[in-house]
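Numbering (this note's numbering), first residue to last: 1 to 429.
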RNA sequence: GGGGAGAUACCAAAGUGGCCAACUGGGCCUGACUGUAAAUCAGGUGGCUUUACGCCUUCGUAGGUUCGAAUCCUGCUCUCCCCA
């Protein structure tokens, strides 16, 4: 049984569309339980949905019986990885990195089994060995084995030859190469995984180990996930979709998956869900026959919101969505109970309005911009009003409409709306 | 060290004395169609207001010339290219 699962890791990645590049001999190498790592540089205060792809590599690696190391690049984040970036990036200060790595560490812990099992996951930080390393040692031990022509041949470097690349970022690949070598020496780690943009850094490590007389190391990458139109995955209107509930609310997170196009959803199901192949294929078939039911979108929304946040948050988000998008008629809003609104309040952005202000009556612009901050400028509000883009309680309004206590739902709430999908709850106190 | 080119809104890129809040494309927002999809079409995309061919802020930065500057001049900062 164990043996069978071990052999399936690469096949698993293949049919899920998670395999881009793989170094020679990996197939054979993975016939036994191995230790592999994947790094996350704490360059932001949270991971985002794009980071879920590499996380899934580690998850599958562990499920196949191997031992995963999640490496936080606390040291490398101070240097900056040029891979996939068109410009030199400003240095992050130490406090920021410090803060980021704590947050990211907590997020990573949710996805794997960190128990004492033989293949229990391990969390490490490369500051442990890089920050105490002496420059001269590094140049003699690592630098000496790396030729300029080899380093310059990396795609990440070549792409930056015209737009500028500092020595600092140029040297990044050596640090990552050393990480791999170090982990092979101290943790018996022989496999490194990453996104396709990491291939150059990974091979640098394999090469370094070879030069230093270390073990034969192996690398594997997943394709970079893009949207059907070639755009970056994981960006919504507001920018990145974060895993941190304070940056992207569970409701928004849920909505991100619900709003995937049919095409994206099908691909994402294989990549992000842990369902076995047969079940996925069944869902795909239903999806093809009745795309309008959006079975996959809903499954992903529920599944991922649960895994990233909690089952309770997922349920809440689903319930809120059902209310807001269910049939969406003004009359049905009036059927809702105070409890429903209180739950919606937990999930939607909301603002407080004093009853006396409302009693005096407000026009829509005052309400949406000045009193609640739902919209950021009056011009925006005016523009939206001109195209029927603002609704109060599901009813489109105009600039002249006055909003008063008679609009209140359950005598306490107003549901503002910008376009079809952007909701905002006003609570009167 | 020498020579050249450049810095325009979220990005790319026009504009080189008034017709410029600034062409165009992408992105983004809204509307129509729909399934909270895709594609398509339409409108919008600095802010404020008495919505007005009105006002304020914006074309790297600091000054200057001019009735008037993103456009001309000077200093500064940064970027790229070529030669040494």
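The C-beta atom is built at its ideal place from N, Cα and C for all residues, glycine as well.
Note that the structure is predicted; figures quoted are calculated from it, not measured.
Boundaries around residue 352 are those of the beta strand (DSSP E), 350-353, since no alpha helix (DSSP H) includes it. Unbroken alpha helix (DSSP H) runs of no fewer than 4 residues, entirely contained in the region 104-144, are found at 127-130 and 135-141, following chain order. Its chain contains 195, 196 and 197 as the residues whose beta carbon lies nearer than 7 Å to that of residue 224, once the 5 sequence neighbours on both sides are disregarded; these appear in chain order. The Cβ atoms of residue 373 and residue 351 sit closer than 9 Å to each other. Secondary structure remark: continuous alpha helix (DSSP H) runs of at least 4 residues inside the region 18-106, in chain order: 26-29 and 52-63. One Cα belongs to residue 180, the other to residue 71, and the distance between them is close to 10 Å. Residue 221 is bridged by DSSP to 21 and 194.
Excluding the 5 residues flanking it on each side, residue 73 has same chain C-beta neighbours closer than 6 Å at 39, 41 and 126, in chain order. Nearest to residue 354 by alpha-carbon distance, out of 413, 344 and 380, is 413. Secondary structure at residue 167: helix, using DSSP grouped into helix, strand and coil. By the CB criterion at 9 Å, residue 193 and residue 156 fall outside the cutoff.
Following the DSSP letters along the chain, one finds residue 299 inside the alpha helix (DSSP H) bounded by residues 295-308. Of the candidates 345, 60 and 219, 219 places its Cα closest to the Cα of residue 25. With contacts defined as CB atoms closer than 9 Å, residue 254 and residue 314 qualify as a contacting pair.
Burial is judged here by how many other beta carbons sit within 10 angstroms of a residue's own beta carbon; residue 67 has at least 16 and is buried.
Cβ-Cβ distances below 6 Å link residue 429 to 352 in the same chain, with the five nearest sequence neighbours on each side left out; the list follows chain order. For residue 320, the secondary structure class from DSSP, reduced to helix, strand or coil, is helix. If you draw a straight line from the Cα of residue 399 to the Cα of residue 408, it comes to about 19 Å. A Cβ-Cβ contact shorter than 9 Å links residue 161 with residue 152.
With contact defined as three or more Cβ pairs closer than 8 Å, the region 282-290 and the region 381-393 are not in contact. About 20 Å separates the Cβ atoms of residue 128 and residue 173, ruling out a contact at the 8 Å cut-off. Scanning 201, 335, 177 and 200 for the CA closest to the CA of residue 209 turns up 177. Along the region 350-401, the beta strand (DSSP E) occurs as fully enclosed runs of 3 or more residues at 350-353 and 390-392, listed in sequence order. Put simply, the region 8-23 touches the region 265-272. At least three CB pairs are less than 8 Å apart. Membership of residue 208 in the alpha helix (DSSP H) is indicated by the continuous run 199-211. Taking C-beta atoms as the reference points, residue 165 and residue 82 count as a pair closer than 9 Å.
When rounded, the separation of the alpha-carbon atoms in residue 257 and residue 301 is 5 Å.
For residue 157, the enclosing alpha helix (DSSP H) starts and ends at 155-158. When rounded, the separation of the alpha-carbon atoms in residue 339 and residue 345 is 10 Å. An exposed status is given to residue 135, since fewer than 16 other beta-carbon atoms sit within 10 Å of its beta-carbon.
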